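So the number in the numbering used here is just where the residue sits in the sequence shown, counting from 1, plus 139.
Below is one structure, written out as structure tokens, with a few remarks after it.
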Amino acid sequence: MLTSALSVLVLWYTFWAEAENSIELPELLVAANGEVIDSTQAWQSLRRPELLELFRQNIYGRNPVDKPQDLNFELKKVNESAMSGKATLKLVEICYSGPGGKGCIHLTVFIPKKQKRPAPGFLLICNRPRDENIDPTRKVKSHFWPAEEIVERGYIAATFHISDVDPDEHDRFQNGVHGIFDPRHPSRAPDAWGSIAAWAWGASRCMDYFETDGDIDPSRMAVLGHSRGGKTALWCGATDQRFSLVISNESGCTGAALARRKFGEDIQAINHDFPHWFCENYKSFGGREHELPIDQHMLIALMAPRLVYVASASEDDHADPLGEFLSCVYAQPVFDLYHLEGVGASTMPGEHQPRHTGHIGYHLRKGSHNLTLYDWNCFLDFADKHWKPARHAVEK
Ligand code: GTR
């Protein structure tokens, strides 16, 4: 009697758990014209551009400018003996102008001395207070950007602050790059870029600089961000294929998490709380997630065949860890076209069991919403595994 009651319970739980996880998603590999995408060529020439355009039109918005014609770089400072002689520090000013004025991004770069140059590395999109997290003097240190540890592992530690590109406040798109580049129409286009797209644009301008610096290997640069910075890193990686590794740390809603699960923060809430992050069209999908022609697994798929990494934290329900993991799982068909292993599991790994073997990395950290040394060490391990630089290339 007890056994049969137990098995009914187990059966009920299994159905419930499956129903929880099963979700109807838009077709990844069927183009708008009905064509089934079965080759990398069809993916690259037809479906990928089509999906990118759907994300642009409905979520992140359209940039009025790509690389500005007058983009210029000024090396403001070089210190060959930073970090007790372990790194070269470069402070670079990346400036541009448009009809509404001039803007500059202050890029900080630490290049490891022990690494053969050009060196690989990580660009952090910093969304936390500048002085406490990305101090170039290193008087103040934070695990949000453990520059010493990154350099010690043989990687470049680079970062810029999002406020240089566009302050994180809703001022109706007057300041930052919106004020500089947006056309002065009486009304703003419903698919005009929001702040997330603006910050992603800023990360691409840093890549423009990396391409000019002989100490940096632009073919092995990762773009990385936490939370709103993670959403930004993913959109940057989707639009700028020069980044060969794209890392989202707890990016949650409109980052790695599937919108259709409506778990934790949802489209209505995020647009209510942060009306400046996305394009105007996105607001109409609040409560209508199922009508979006896309979902976030497609954003992950846009990184193929490059490397992508999604990190979650066990107590970060607001960002929906399971939804972040499932995006990795459902992106797999595109990696299959390239005969590449993706995340390599369909059930969520436990805490501190990183998955690093395939082209989609994943881990679930124990704890709450944050970017910690544990997360960074996982990203560095993943880069070691896939870029295989440090151990062989280190100058003895
Ligand atoms: C939260 C927001 C999230 C996430 C986070 C952050 O308040 O709801 O989408 O981006 O901020 O950036 O820390």
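Heads up, the beta-carbon is just placed ideally off N, CA and C, and yes, glycines get one too.
All values derive from a computational prediction rather than experimental measurement.
>> If I follow the unbroken alpha helix (DSSP H) through ASN516, where does it start and stop?
In response: Counting from one through the sequence shown, the residue named residue 516 turns up at place 377. 512 to 526 is the span of the alpha helix (DSSP H), which, as asked, contains ASN516.
> Is it buried or exposed for GLY224, if we count other Cβ within 10 angstroms and need 16 for buried?
Replying inline: Working through the sequence shown from its first residue, we reach residue 224 at position 85. Exposed, because fewer than 16 other Cβ atoms sit within 10 Å of the Cβ of GLY224.
>> If contacts are defined as beta-carbon pairs under 8 Å, then ALA258 and ASP354 qualify, I think. What distance do you get, rounded to the angstrom?
In response: Locating residue 258 in the sequence shown gives position 119, where the first residue counts as 1. Locating residue 354 in the sequence shown gives position 215, where the first residue counts as 1. Contact holds; Cβ gap of about 7 Å.
> Anyone know if the C-beta pair for LYS215 and GLU232 falls short of 9 Å?
Replying inline: By one-based count along the sequence shown, residue 215 stands at place 76. By one-based count along the sequence shown, residue 232 stands at place 93. Contact flag set, yes.
>> Measuring straight from C-alpha to C-alpha, what distance separates GLU291 and ASP456?
In response: By 1-based counting over the sequence shown, the position of residue 291 is 152. By 1-based counting over the sequence shown, the position of residue 456 is 317. Going from the Cα of GLU291 to the Cα of ASP456 covers about 33 Å.
> Closest by CA to SER302, which one among GLY489, PRO268, ASP434, ARG187?
Replying inline: The residue you call residue 302 lines up with position 163 of the sequence shown. The residue with the shortest Cα to Cα distance from SER302 is PRO268.
>> Per the DSSP calculation, CYS265 is bridged to which residue(s)?
In response: On the sequence shown, position 126 is the one that residue 265 refers to. Answer by DSSP bridge pairing, in chain order: HIS300.
> So does HIS365 have its beta carbon nearer than 8 Å to some heavy atom of the ligand GTR?
Replying inline: Translated into positions along the sequence shown, residue 365 becomes position 226. True, at least one ligand heavy atom lies under 8 Å from that Cβ.
> Around the C-beta of TRP515, are 16 or more other C-beta atoms found within 10 angstroms, so that it is buried, or is it exposed?
Replying inline: Indexing the sequence shown from 1 puts residue 515 at position 376. TRP515 should be labelled buried.
> Would you report the Cα separation of ASP177 and PRO188, rounded to the nearest angstrom?
Replying inline: To locate residue 177, count along the sequence shown from 1; it is residue 38. To locate residue 188, count along the sequence shown from 1; it is residue 49. Looking at the two C-alpha atoms, the distance is approximately 16 Å.
> Along the chain, which unbroken stretches of the alpha helix (DSSP H) at least 4 residues long are found entirely within the region 213 to 237?
Replying inline: 221 to 224
> Mind checking whether ALA396 and VAL385 have CB atoms under 9 Å apart?
Replying inline: Mapped onto the sequence shown, residue 396 falls at position 257. Mapped onto the sequence shown, residue 385 falls at position 246. Cβ distance not < 9 Å, so ALA396 and VAL385 don't count as in contact.
> Among residues of its own chain, excluding the 5 on either side of VAL175, which ones have a beta-carbon nearer than 7 Å to its beta-carbon?
Replying inline: By 1-based counting over the sequence shown, the position of residue 175 is 36. The answer, listed in chain order, is LEU168, VAL169.
> Is the beta carbon of ALA328 sitting closer than 9 Å to the one on VAL304?
Replying inline: To locate residue 328, count along the sequence shown from 1; it is residue 189. To locate residue 304, count along the sequence shown from 1; it is residue 165. Contact: no.
>> My output table needs one value for ASN272: the three-state DSSP class, helix, strand or coil.
In response: Residue 272 sits at position 133 when you count from the first residue of the sequence shown. Reduced to three states, the DSSP call for ASN272 is helix.
> To the nearest whole angstrom, what separates the beta carbons of ALA377 and LEU191, a pair I think is in contact under 8 Å?
Replying inline: Residue 377 sits at position 238 when you count from the first residue of the sequence shown. Residue 191 sits at position 52 when you count from the first residue of the sequence shown. 6 Å between Cβ atoms; contact.
> What whole-angstrom Cβ distance do ASP347 and LYS206 have, given they're in contact under 8 Å?
Replying inline: The count along the sequence shown starts at 1 and reaches residue 347 at position 208. The count along the sequence shown starts at 1 and reaches residue 206 at position 67. Indeed, because the Cβ distance is near 6 Å, the residues count as touching under 8 Å.
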